[in-house]
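**Q**
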Amino acid sequence: MSRSEELFERAQKVIPGGVNSPVRAFRSVGMTPRFIASAKGSRITDAEGRTYIDYIGSWGPMILGHAHPAVLEAVEKAAGDGLSFGAATGREVEMAELLCGIVPGLEMARMVNSGTEAVMSAIRAARGFTGRDKLIKFAGCYHGHSDALLVQAGSGVMTQGIPDSAGVPAGCTADTLTASFNDLGSVENLFEANPGQIAAVIVEPVGANMGVVPPAEGFLAGLRRLCDRNGALLIFDEVITGFRLALGGAQEFYDIRADLCTFGKIIGGGMPVGAYGGRKEIMEKVAPLGPVYQAGTLSGNPVAMAAGLAQLRILKDTPDFYGTLNAKADLFFTKMGKILKEAGVKATLNHVGSLGCVFFTEEAVTDYASAKQSDTGRFTEYFRFMLENGIYLAPSQFEAMFLSSAHTTEDLEETLDAVRRFVR
Ligand code: HOZ
């Protein structure tokens, strides 16, 4: 029995499914999860000592690669100063100043501990500000696991085929309306059917939890227009796209301004961090300034802030960081698409910047319904082959591949060689 198998056997006795988050379980690909011992740069090493080229990157935040020396140094220094005070610190001020200085339209931000918390809080702020209850989300978009958002969600719930979770009272989702990604008409219909009742439209600017689904030309601008016309707020869930597509996230990349936006793990450099923020007049509704309550002992935790600040400063100060990363990713995904096409594989490769995904369908993938057309059995074969060949992909069709600045040309060519052998 391998060390991962042994750990998994023990884990299943004391942790549901043996994992602390369903997407780690490898259930949809019928395997034992790899238990990870360490990671450095583009590589991750499991409990057996096998090393893989990692394309999960902790689901996005490791954009500089794992264990970046500057981030580690910042963490060590902050840890030496004390782990948590449950009180205000200078580092969280620096973080909020940095975020507001970078992200278009971000005038005030509040730190939280995860993307789930950030989204839940942003929605509460939107409802408090507008005095309305209803919310529009898109099928296949995932906004964390808070009750109101587990409606036709992506990520693990899509992988497991349980888009509407048990344990969520009907009342919690009664105000959540679902539209189709890339279909402005479906949004318009919901506004028409619920006049003056919709507080906000929340969207992942690039669908990145149903595989990767780029917004069609004009889709995000159309959402902005519909929100303005109907007095609703536009919320960009930038947990995946923030500091990933561009320094200013999707708002900069697509030149569209949201009223509120949410961030997750990437602003913590891999530590548990999230944030939400936006226009001042909305954020001034949040307690202690206003009546929208939201709180947390570990929010703005000093060690997490130190890690995030170190990472964000590198992203900000490295000349053309995103131009270089996105060009590298463009070349990589274009080559991968060509290999699949020339081999006659029924596949569609979607990518935006350093996010990408292979769907095993010839049809264009533009929304939840078309993403679900992918042949997940073929994906399982692909996943297993790649893992056996030293390439660590997300164990689900409905997740993204994340490239980092630590992926070398050699790493990418090794990965493409594995794809060539798979399709041969
Ligand atoms: N939503 C992320 C993956 N798409 C987070 C990973 C998780 O749920 O554990």
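Just so we're aligned, residue 4 is where the sequence shown starts under the working numbering, counting upward by one. In this text, a Cβ means the ideal position worked out from N, Cα and C, and glycines have one as well. All figures in this text were calculated on a predicted structure; none of them were measured in a lab.
I'd like to know whether the C-beta atoms of Phe246 and Leu318 end up nearer to each other than 8 Å.
**A** yes
**Q** Have a look at Thr300 and Gly311 and give me their C-alpha separation to the nearest angstrom.
**A** 18 Å
**Q** Is the Cβ-Cβ distance between Gly280 and Leu153 less than 8 Å?
**A** no
**Q** Could you check how far apart the C-beta atoms of Asn185 and Thr369 are, in whole angstroms? I think they sit under 8 Å.
**A** 5 Å
**Q** Give the range of the alpha helix (DSSP H) segment to which Gly104 is assigned.
**A** Gly93 to Ile105
**Q** For the ligand HOZ, is there a heavy atom less than 7 Å away from the beta-carbon of Asn197?
**A** no
**Q** Excluding sequence positions up to five away, which residues of its chain have a Cβ less than 8 Å from the Cβ of Ala253?
**A** Pro208, Val209, Leu223, Phe239, Glu241, Thr244, Gly245 and Ile259
**Q** Based on the DSSP secondary-structure assignment, which residues constitute the bridge partners of Ile56?
**A** Arg46 and Ile394
**Q** Use the C-beta contact count for Gln400: other C-beta atoms within 10 angstroms, 16 or more gives buried, fewer gives exposed.
**A** Buried, because 16 or more other Cβ atoms sit within 10 Å of the Cβ of Gln400.
**Q** Would you list the residues sitting across from Leu237 in a DSSP beta bridge?
**A** Paired residues: Val204.
**Q** I'd like the list of long-range same chain contacts for Ala219, defined as Cβ closer than 8 Å, with 5 residues on each side in sequence excluded.
**A** Asn185 and Thr369
**Q** In chain order, what residues of the same chain lie with their CB nearer than 8 Å to the CB of Ala91, ignoring the 5 residues before and after it?
**A** Gly303
**Q** What is the DSSP secondary structure of Phe141, counted as helix, strand or coil?
**A** In the three-state reduction of the DSSP assignment, Phe141 falls in the strand class.
**Q** So which residues touch the region around the ligand SAM, with touch meaning a C-beta under 6 Å from any heavy atom?
**A** With respect to the ligand SAM, the structure offers nothing, as its ligand set consists of the ligand HOZ.
**Q** From the DSSP output, read off the bridge partner residues of Ala278.
**A** Met114 and Phe266
**Q** Below 8 Å, can you find three or more Cβ-Cβ pairs linking the region 279–296 to the region 80–88?
**A** no
**Q** Which residues mark the beginning and the end of the alpha helix (DSSP H) in which Leu248 is found?
**A** Taken as a continuous stretch (DSSP letters only), Leu248 belongs to no alpha helix (DSSP H), as it is neither H nor E.
**Q** Have a look at the DSSP bridge pairing and note the partners of Ala290.
**A** According to DSSP, which records beta bridges pairwise, Ala290 is partnered with nothing at all.
**Q** Within the continuous alpha helix (DSSP H) that includes Ala428, where are the two ends?
**A** No answer is possible for residue 428: the residues shown for the chain start at 4 and end at 427.
**Q** Please go through the same chain and pick out, in chain order, the residues whose beta-carbon is closer than 8 Å to the beta-carbon of Ile39, but skip the five residues on each side of it.
**A** Annotation for Ile39: Ile47, Thr48, Asp49 and Ala50 place their beta carbon closer than 8 Å to its own, counting only its chain and skipping 5 residues before and after.
**Q** For Ala182, write down the residues that DSSP places opposite it in a beta bridge.
**A** DSSP lists Phe141 as the beta-bridge partner residues of Ala182.
**Q** Any idea if Val122 is buried or exposed, counting beta-carbon neighbours within 10 angstroms, 16 or more meaning buried?
**A** buried
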